[in-house]
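Trainee: Using the numbering used here, the first residue of the sequence shown is number 21, and each one after it goes up by one. Heads up, the beta-carbon is just placed ideally off N, CA and C, and yes, glycines get one too.
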Amino acid sequence: MERTAWLAVGVVVFSGIWGGLFIRGLNPGFDWKLFVEGCRYFWEHRGFGGQGWMFGYTPGGFFFLMPFTVWLTSPWGLLLHVAGNAAAAIGSVWVVHRWWTGGRLGGGIVWPVLLVAINIQQVLQMNQLSLWVLVLCAGGLALAGRGWPFWGGALIGLAVAIKVMPLVLLGYFGCRGQWRALLGVAAGVIALDVVPSVLFLGYDGAAVEHRAWRERSGWYSPTAQIYEPLRLGIYHHRSNFSYPSVLVRWLRGLPEVEEMVVLRGDPPAEAVEAARAGLRGNQALVVDPLPLDGKPWARQVLPISRSVPRWSAARWPAERVWWVWAASVGLGMGLLAVWTWWTGRIGQGRDWPAASAAWMLSMFWLTPLMMNYYLVLAFPAMAVVWLELVRSRRKTPGRWLAIVGLAAWVVGEACIGWRDVRWYGVHWVVLAVLGAAVVWAWARQLGLSVVSEAGSLPAAAERVVERDSDRRRQAGCVGRV
Numbered sequence: 021m022e023r024t025a026w027l028a029v030g031v032v033v034f035s036g037i038w039g040g041l042f043i044r045g046l047n048p049g050f051d052w053k054l055f056v057e058g059c060r061y062f063w064e065h066r067g068f069g070g071q072g073w074m075f076g077y078t079p080g081g082f083f084f085l086m087p088f089t090v091w092l093t094s095p096w097g098l099l100l101h102v103a104g105n106a107a108a109a110i111g112s113v114w115v116v117h118r119w120w121t122g123g124r125l126g127g128g129i130v131w132p133v134l135l136v137a138i139n140i141q142q143v144l145q146m147n148q149l150s151l152w153v154l155v156l157c158a159g160g161l162a163l164a165g166r167g168w169p170f171w172g173g174a175l176i177g178l179a180v181a182i183k184v185m186p187l188v189l190l191g192y193f194g195c196r197g198q199w200r201a202l203l204g205v206a207a208g209v210i211a212l213d214v215v216p217s218v219l220f221l222g223y224d225g226a227a228v229e230h231r232a233w234r235e236r237s238g239w240y241s242p243t244a245q246i247y248e249p250l251r252l253g254i255y256h257h258r259s260n261f262s263y264p265s266v267l268v269r270w271l272r273g274l275p276e277v278e279e280m281v282v283l284r285g286d287p288p289a290e291a292v293e294a295a296r297a298g299l300r301g302n303q304a305l306v307v308d309p310l311p312l313d314g315k316p317w318a319r320q321v322l323p324i325s326r327s328v329p330r331w332s333a334a335r336w337p338a339e340r341v342w343w344v345w346a347a348s349v350g351l352g353m354g355l356l357a358v359w360t361w362w363t364g365r366i367g368q369g370r371d372w373p374a375a376s377a378a379w380m381l382s383m384f385w386l387t388p389l390m391m392n393y394y395l396v397l398a399f400p401a402m403a404v405v406w407l408e409l410v411r412s413r414r415k416t417p418g419r420w421l422a423i424v425g426l427a428a429w430v431v432g433e434a435c436i437g438w439r440d441v442r443w444y445g446v447h448w449v450v451l452a453v454l455g456a457a458v459v460w461a462w463a464r465q466l467g468l469s470v471v472s473e474a475g476s477l478p479a480a481a482e483r484v485v486e487r488d489s490d491r492r493r494q495a496g497c498v499g500r501v
């Protein structure tokens, strides 16, 4: 059965290679062309120079892509990149299967893979880097949970240098008191980002480039998404369903305009005033600091499609929407941090798979850009919930919650191409249900049968401590827990 499962995994992974090579790569596709142009500009000009390509990537992301985009000629770099993506996908499945579930799923690992098969293929077909982030995070969290915190943190640091989303995992290591893992994260970032930046750009150039990256990232931060939704393409960037974007669509609504007059880069003040004076009744002026094609500044007129959904539940000001976003994210992350700290005191680390899966899901909350292929990072959570489903033979609440969570994911995947559904954030409902199933599995990994057996969580925790003490006494290791 396990051999058949791995054959199915191979089919899922390699079926996306055709699109990655011929549809988005050699065609040439937009994403791969963007990577090649951005990295070559970075290499030739010894820095990004404030240009608009790949605004969200750190210098470490450029150094990671250079072997594929600069040092090898086409199509060999693309072939190597696609092969590396495929290897990262298979490596992620192997790590989660062997280390996160302990091999207890056997051939059943194919079912979590099939649940995220669409997302795996999207990453492969669009030549993105999410699979590299997945394998580094899955491997790093597994190493940290299994007794190698420094090396686990180092893998997380490499992932942070490629995409900054895994920075959220610093909170997990901090709540668990894994200080060596935090040192490992710093070492990974230094190895892939800081050292190459200094060697390639010099000390001053590296500092300038990182300041420029921080400024560029601020243009597209969650706060900017809420206060300046037209500039950030929330209304015409139909693929983005990040949390702040969805809140804006529900609580601020679409302005009553049909066109955006966009001034990109750093336009002179007189150009801004002239554009504002020339606006028609159905137009809005947008000043976007992101340059266009290396030009100091440029003017564009972009239509807002009539097919874009215009319904909203409220017309709140930006300040109120920001407070909703900040309060909900702060409360959610705060509860997760307290729960992680408390369970770390009683669990002795045996709950690391579910705890790590929950923190990987939390990465989605803080990202300002949420695309379909980002959802591949939920794969460890799928495996944790599926294992809970397999282990819960009786009709317990946990079993039903796992079934509902996985069924909700199937519905979300079926609607992934339905713009109106994605527009209003149905996938956040799916992630919430899946997160609840992960938390239940987390309690089960701690040995907490929750209220049904112990009456309350503190009572359940006390039972866990007593049970561990009994086991130690039987093994001749009497001591306090």
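State buried or exposed for residue 315, treating a residue as buried only when at least 16 other CB atoms are found within 10 Å of its CB.
Mentor: The residue labelled residue 315 in the question sits at position 295 within the sequence shown. Within 10 angstroms of the beta-carbon of residue 315 lie fewer than 16 other beta-carbons, which makes it exposed.
Trainee: Who are residue 305's beta bridge partners in DSSP?
Mentor: As a position in the sequence shown, residue 305 is number 285, starting the count at 1. In the DSSP output, where bridge partners are listed per residue, residue 305 has 281.
Trainee: Report the CB separation of residue 402 from residue 132 in whole angstroms; it is logged as a contact under 8 Å.
Mentor: Reading the sequence shown from its first residue, position 382 is the one you call residue 402. Reading the sequence shown from its first residue, position 112 is the one you call residue 132. About 4 Å; that satisfies the 8 Å criterion.
Trainee: Are the CB atoms of residue 503 and residue 191 nearer to each other than 9 Å?
Mentor: Because the chain here runs from 21 to 501, residue 503 falls outside it and cannot be looked at.
Trainee: Can you list, in chain order, the residues of its chain with a C-beta nearer than 6 Å to that of residue 179? Leave out the 5 residues immediately preceding and following it.
Mentor: Position 159 of the sequence shown holds residue 179. For residue 179, where only same-chain residues beyond five positions count, the Cβ hits under 6 Å are 153, 156, 157, 186.
Trainee: Determine the direct distance from the alpha carbon of residue 396 to that of residue 5, and round the result to whole angstroms.
Mentor: Residue 5 falls outside the range modelled here, since the chain spans only 21 to 501, and no answer is possible.
Trainee: Given a threshold of 16 other Cβ atoms within 10 Å of its Cβ, counted over all protein chains shown, does residue 183 qualify as buried or as exposed?
Mentor: Counting from 1 along the sequence shown, the entry for residue 183 is found at position 163. The C-beta of residue 183 has 16 or more other C-beta atoms within 10 Å across all chains shown, which makes the residue buried.
Trainee: Please list the terminal residues of the continuous alpha helix (DSSP H) segment that includes residue 317.
Mentor: Stepping through the sequence shown from its first residue, residue 317 is reached at position 297. Taken as a continuous stretch (DSSP letters only), residue 317 belongs to no alpha helix (DSSP H), being part of the beta strand (DSSP E) at 317-323.
Trainee: Just curious, the alpha helix (DSSP H) that residue 514 is in, first and last residue?
Mentor: As shown, the chain starts at 21 and ends at 501. That puts residue 514 outside it, with no answer to give.
Trainee: Between the C-alpha atoms of residue 323 and residue 266, what's the straight-line distance to the nearest angstrom?
Mentor: Translated into positions along the sequence shown, residue 323 becomes position 303. Translated into positions along the sequence shown, residue 266 becomes position 246. Their Cα atoms are separated by approximately 20 Å.
Trainee: Taking Cβ to Cβ, would you say residue 319 is nearer than 9 Å to residue 291?
Mentor: As a working note, residue 319 is residue 299 in the sequence shown. As a working note, residue 291 is residue 271 in the sequence shown. Closer than 9 Å, so yes.
Trainee: Between which two residues does the alpha helix (DSSP H) holding residue 419 run?
Mentor: Numbered from 1 along the sequence shown, position 399 holds the residue referred to as residue 419. Residues 417-434.
Trainee: Have a look at 110, 221, 159 and flag the residue whose alpha-carbon is nearest the alpha-carbon of residue 80.
Mentor: Along the sequence shown, one-based indexing puts residue 80 at 60. The shortest C-alpha separation from residue 80 is found at 221.
Trainee: Taking all protein chains shown into account, decide if residue 392 is buried (16 or more other Cβ within 10 angstroms of its Cβ) or exposed.
Mentor: One-based indexing of the sequence shown puts residue 392 at position 372. Buried, since its Cβ has 16 or more Cβ neighbours within 10 Å.
Trainee: Near residue 476, what residues of its chain come up, given a Cβ to Cβ distance below 6 Å and the 5 sequence neighbours on each side ignored?
Mentor: One-based indexing of the sequence shown puts residue 476 at position 456. Low local confidence applies: a pLDDT of 46 at residue 476 is under 50, so the model's placement there is unreliable, and no value is given.
Trainee: Over the uninterrupted alpha helix (DSSP H) stretch that includes residue 290, give me the two end residues.
Mentor: As a working note, residue 290 is residue 270 in the sequence shown. Taken as a continuous stretch (DSSP letters only), the alpha helix (DSSP H) holding residue 290 covers 289-297.
Trainee: Look at the Cβ atom of residue 217, then the Cβ atom of residue 245, and state whether they are nearer than 9 Å.
Mentor: Along the sequence shown, one-based indexing puts residue 217 at 197. Along the sequence shown, one-based indexing puts residue 245 at 225. Result no, Cβ atoms of residue 217 and residue 245 do not sit closer than 9 Å.
Trainee: Could you check how far apart the C-beta atoms of residue 370 and residue 408 are, in whole angstroms? I think they sit under 8 Å.
Mentor: In the sequence shown, the residue the question calls residue 370 occupies position 350. In the sequence shown, the residue the question calls residue 408 occupies position 388. Not quite, the Cβ-Cβ distance comes to about 15 Å (not below 8 Å), so this is no contact.
Trainee: Near residue 484, what residues of its chain come up, given a Cβ to Cβ distance below 7 Å and the 5 sequence neighbours on each side ignored?
Mentor: Residue numbering aside, residue 484 sits at position 464 when the sequence shown is read from its first letter. Low per-residue confidence applies at residue 484: pLDDT is 49, beneath 50, and the placement is therefore not dependable enough to give any value.
Trainee: Is the Cβ-Cβ distance between residue 138 and residue 433 less than 9 Å?
Mentor: The residue you call residue 138 lines up with position 118 of the sequence shown. The residue you call residue 433 lines up with position 413 of the sequence shown. Yes, the pair counts as a contact, with Cβ atoms nearer than the cut-off.
Trainee: Taking only three categories from DSSP, how would you classify residue 413?
Mentor: Counting from 1 along the sequence shown, the entry for residue 413 is found at position 393. Residue 413 falls in the coil class under three-state DSSP.
Trainee: Do you know how far the Cα of residue 53 is from the Cα of residue 122?
Mentor: By 1-based counting over the sequence shown, the position of residue 122 is 102. By 1-based counting over the sequence shown, the position of residue 53 is 33. Looking at the two C-alpha atoms, the distance is approximately 40 Å.
Trainee: Determine, using beta carbons only, whether residue 260 and residue 389 come nearer to each other than 9 Å.
Mentor: For the purposes of this step, residue 260 is taken as residue 240 along the sequence shown, with counting starting at 1. For the purposes of this step, residue 389 is taken as residue 369 along the sequence shown, with counting starting at 1. Yes, they are a contact pair.
Trainee: Which first and last residues belong to the alpha helix (DSSP H) in which residue 238 is found?
Mentor: To locate residue 238, count along the sequence shown from 1; it is residue 218. Segment 215-239, the alpha helix (DSSP H) holding residue 238.
Trainee: By the three-class DSSP mapping on this structure, what secondary structure does residue 477 have?
Mentor: Taking the sequence shown and counting its residues from 1, the one referred to as residue 477 is at position 457. Residue placement at residue 477 cannot be trusted, given a pLDDT of 47 that sits under 50; what the coordinates show is reported in the next sentence. Of the three classes helix, strand and coil, the one that applies to residue 477 here is helix, per DSSP.
Trainee: Should residue 354 be labelled buried (16 or more other beta-carbon atoms within 10 Å of its own) or exposed?
Mentor: The residue you call residue 354 lines up with position 334 of the sequence shown. Label assigned to residue 354: exposed.
Trainee: Give me the Cβ distance between residue 115 and residue 162, rounded to the nearest whole Å; I'm assuming they're in contact under 8 Å.
Mentor: As a first step, residue 115 is located in the sequence shown; it is residue number 95 there, counting from the start. As a first step, residue 162 is located in the sequence shown; it is residue number 142 there, counting from the start. Residue 115 to residue 162, Cβ: 6 Å. Contact.
Trainee: May I ask which residues mark the beginning and end of the alpha helix (DSSP H) holding residue 185?
Mentor: Within the sequence shown, the letter at position 165 stands for residue 185. Per DSSP, residue 185 belongs to no alpha helix (DSSP H) and is neither H nor E.
Trainee: Once DSSP output is grouped into helix, strand and coil, what is the label at residue 31?
Mentor: Taking the first residue of the sequence shown as position 1, residue 31 is located at position 11. Helix, per DSSP.
Trainee: At the level of alpha carbons, what is the spacing between residue 67 and residue 100?
Mentor: Sequence index remark: in the sequence shown, residue 67 carries index 47 (1-based). Sequence index remark: in the sequence shown, residue 100 carries index 80 (1-based). The straight-line gap from Cα to Cα measures roughly 24 Å.
Trainee: Give a yes or no on contact between the region 223-233 and the region 192-203, applying the rule of three or more CB pairs nearer than 8 Å.
Mentor: no
Trainee: Considering only residues of the same chain and omitting the five flanking positions on each side of residue 86, which have a CB-CB separation below 6 Å?
Mentor: Locating residue 86 in the sequence shown gives position 66, where the first residue counts as 1. Hits under 6 Å: 59.
Trainee: Based on Cα-Cα distance, which residue from 421, 285, 444 lies nearest to residue 454?
Mentor: Translated into the one-based positions of the sequence shown, residue 454 becomes position 434. In terms of CA proximity to residue 454, 421 leads the group 421, 285, 444.
Trainee: If you check the beta carbons only, do residue 173 and residue 202 fall under 9 Å apart?
Mentor: Sequence index remark: in the sequence shown, residue 173 carries index 153 (1-based). Sequence index remark: in the sequence shown, residue 202 carries index 182 (1-based). The answer is yes: Cβ separation under 9 Å.
Trainee: Below 8 Å on the Cβ atoms is my contact criterion, and I expect residue 381 with residue 426 to pass it. Report the Cβ-Cβ distance as a whole number of Å.
Mentor: For the purposes of this step, residue 381 is taken as the residue at position 361 of the sequence shown. For the purposes of this step, residue 426 is taken as the residue at position 406 of the sequence shown. Rounded, the Cβ-Cβ distance is 14 Å, inconsistent with contact.
Trainee: Tell me whether residue 250 is buried or exposed, calling it buried when 16 or more other Cβ atoms sit within 10 Å of its Cβ.
Mentor: Looking up residue 250 in the sequence shown gives position 230. Buried, since its Cβ has 16 or more Cβ neighbours within 10 Å.
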